[in-house]
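Presented below is the structure to which this report refers.
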Amino acid sequence: MSVNQTSFNLQTQLFDVIVPGLLPLILTLGCYKLTDKGVSSTKIMLILVAIGVIGGLTGILV
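The opening residue of the sequence shown carries number 1127 in this note's numbering; numbering runs sequentially from there.
See the structure below:
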């Protein structure tokens, strides 16, 4: 992410300073909740791949 021509890595420079490992924990708990609701693991993996591709194309996930 760029702010005023300055590169800013959202995870390492903001989230990991506040609470290290929070994003992986949220992702894991979210996948667990989806499996509890009956969503198949294949659909969860496809959702994660889609999030990764969209995030990579928009520059959010670098």
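C-beta atoms are modelled at their ideal positions from N, C-alpha and C, and glycine is treated no differently.
Computed from a prediction, not measured in an experiment: that's the story for all the values here.
When only Cα atoms are considered, S1166 and P1150 end up about 20 Å apart.
A straight line joining the alpha-carbon of G1156 with that of G1185 spans about 23 Å. Taking the CA atoms as reference points, G1147 sits about 11 Å from T1154.
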